[in-house]
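So the mapping is simple: this note's numbering equals the position in the sequence shown, first residue as 1, plus 350.
Taking it in order: structure first as structure tokens, then the write-up.
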Amino acid sequence: MAVPLTTLVEEADRYLGSAKIADYCPNGLQVEGRPQVMRIVSGVTASQALLDAAVDAQADLILVHHGYFWKGESPCVIGMKQRRLKTLLKHDISLLAYHLPLDLHPDVGNNVQLARQLDITVEGLLDPSNPKVVGLVGSLAEPLSPRDFARRVQDVMGREPLLIEGSEMIRRVGWCTGGGQGYIDQAIAAGVDLYLSGEASEQTFHSARENNISFIAAGHHATERYGVQALGDYLARRFALEHLFIDCPNPI
Numbered sequence: 351m352a353v354p355l356t357t358l359v360e361e362a363d364r365y366l367g368s369a370k371i372a373d374y375c376p377n378g379l380q381v382e383g384r385p386q387v388m389r390i391v392s393g394v395t396a397s398q399a400l401l402d403a404a405v406d407a408q409a410d411l412i413l414v415h416h417g418y419f420w421k422g423e424s425p426c427v428i429g430m431k432q433r434r435l436k437t438l439l440k441h442d443i444s445l446l447a448y449h450l451p452l453d454l455h456p457d458v459g460n461n462v463q464l465a466r467q468l469d470i471t472v473e474g475l476l477d478p479s480n481p482k483v484v485g486l487v488g489s490l491a492e493p494l495s496p497r498d499f500a501r502r503v504q505d506v507m508g509r510e511p512l513l514i515e516g517s518e519m520i521r522r523v524g525w526c527t528g529g530g531q532g533y534i535d536q537a538i539a540a541g542v543d544l545y546l547s548g549e550a551s552e553q554t555f556h557s558a559r560e561n562n563i564s565f566i567a568a569g570h571h572a573t574e575r576y577g578v579q580a581l582g583d584y585l586a587r588r589f590a591l592e593h594l595f596i597d598c599p600n601p602i
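Put into structure tokens, the structure is as follows:
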């Protein structure tokens, strides 16, 4: 059963509330393809590898967290950008992308979905006074040592995370998927025992050590695989469509 592209995009925009969220890129339909959608392919980033896999899968629409046209980038359609857009246009495939709306959503959002994967009970925002901080805080059902929690992360992510050990036991956790390492100061102020993000910066090590909290960098790509899958599943159920998540591994 096919659904009009316009209907699917309107529902995704409405569900995520994307019009209300200021971002660094356009959210929603970034490249328009064929007017009817039967098969969605989702992935973290609209890389050439994902586009090629979607072509092979005969997708009508590609749904991603990291799309195109970022603030400050060159508008020239040359090189990598030209090749990517040419693939979409040649095969008449739409590109639908949601960045911050997919981080923030209370059900299919990256942060909520990661909490479910890691058995963390969500308790609230990382910084309730600043809605621009997209991270969350929560608790574990039973306290774990930093190494035991890191093993849980490894089992879920399928890759060994970077662990900086601080506090002896982990009860309260703060986290922000992707490149959220800069929110470690908010995590410290929130009184967490461990802060988790996708990436780490040089100063992250010192902030964790000198404030006696543990820190985990579990991978930008790895921590953001779950929101786009959940959104794809939602749209597939809503419109009785086919949905295939394709993971193009990225060690970063």
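All C-beta atoms in this analysis are idealised placements derived from N, C-alpha and C, irrespective of residue type, glycine included.
All values reported here derive from a predicted model rather than from experimental measurement.
Kindly list the residues whose CB is nearer than 8 Å to the CB of Leu438, restricted to its own chain and excluding five residues on each side of it in sequence; keep chain order.
Taken in chain order, the residues that qualify are Val381, Gly383, Leu401, Ile412, Ser444, Leu445.
Is Ser547 helix, strand or coil when you go by DSSP?
It is a strand residue.
Have a look at His570, Gly532, Val542, Thr395 and flag the residue whose alpha-carbon is nearest the alpha-carbon of Glu552.
Residue Gly532 is the option with its Cα nearest to Glu552.
Return the residue from the list Lys440, Asp469, Ile428, Gly488 that minimises the CA-CA distance to Leu477.
The question names Leu, but residue 477 is Asp in the sequence shown. Measuring from the Cα of Asp477, the nearest candidate turns out to be Gly488.
Sufficient close CB pairs (3 or more, under 8 Å) joining the region 358-368 to the region 414-424
No contact exists between the region 358-368 and the region 414-424.
Measure the alpha-carbon distance for Phe595 versus Tyr576 and round it to whole angstroms.
A direct Cα-Cα distance of roughly 10 Å separates Phe595 from Tyr576.
Test item: CB-CB of Met430 and Met388 under 9 Å
Not closer than 9 Å, so no.
Neighbourhood of Tyr418 by C-beta, 6 Å cutoff - its chain only, sequence neighbours within 5 removed
Sequence-distant partners of Tyr418 (beyond 5 residues in either direction) whose C-beta falls short of 6 Å from its own C-beta, in its chain, are Gln380.
Checking 9 Å against the spacing of the C-beta atoms, do Gly524 and Leu494 come in under that value?
Gly524 places its beta carbon 9 Å or farther from that of Leu494.
Return the CA-CA distance between Ile563 and Val542, expressed in angstroms with no decimal places.
Per the coordinates, the alpha-carbon of Ile563 lies some 7 Å from the alpha-carbon of Val542.
Leaving out five residues before and five after Arg559 in sequence, what residues of the same chain have Cβ atoms less than 8 Å from its Cβ?
Closer than 8 Å at the Cβ level, and outside the excluded window around Arg559, lie Ile514, Gly516.
In the DSSP assignment, the alpha helix (DSSP H) including Gln432 goes from what residue to what residue?
Counting along the chain, the alpha helix (DSSP H) containing Gln432 begins and ends at 429-440.
When DSSP labels each residue in this structure, what does Pro451 get in the three-state scheme?
DSSP places Pro451 in helix when its eight states are reduced to three.
Kindly identify the DSSP beta-bridge partner or partners of Phe595.
Looking at the DSSP output, Phe595 sits in a beta bridge with Ser392.
May I ask you to report which of helix, strand or coil DSSP gives Leu358?
Judged by DSSP in its simplified three-state form, Leu358 adopts helix.
Val490 versus Ala465, Val483, Arg509, residue with shortest Cα-Cα distance:
In the sequence on display, residue 490 carries Leu and not Val. Taking the Cα of Leu490 as reference, the smallest distance to any Cα among Ala465, Val483, Arg509 is reached at Ala465.
For Pro451, count neighbouring Cβ atoms within 10 angstroms of its own Cβ and tell me buried if that reaches 16, exposed if not.
Pro451 is buried by the Cβ-count criterion.
Quick check: the Cα distance between Trp420 and Val394, rounded to an integer number of angstroms?
Going by the C-alpha atoms only, they are around 15 Å apart.
Short of 6 Å in beta carbon distance, which residues of its chain neighbour Ala404, apart from the five on each side in sequence? Order them along the chain.
These residues qualify, in order along the chain: Val391, Ile412.
What does the alpha-carbon distance come out to for the pair His571 and Gly582?
Their Cα atoms are separated by approximately 17 Å.
Name the residue from Tyr448, Ala567, Gln408, His441 whose alpha carbon lies nearest to the alpha carbon of Ala369.
If we check each option's Cα against that of Ala369, Tyr448 comes out closest.
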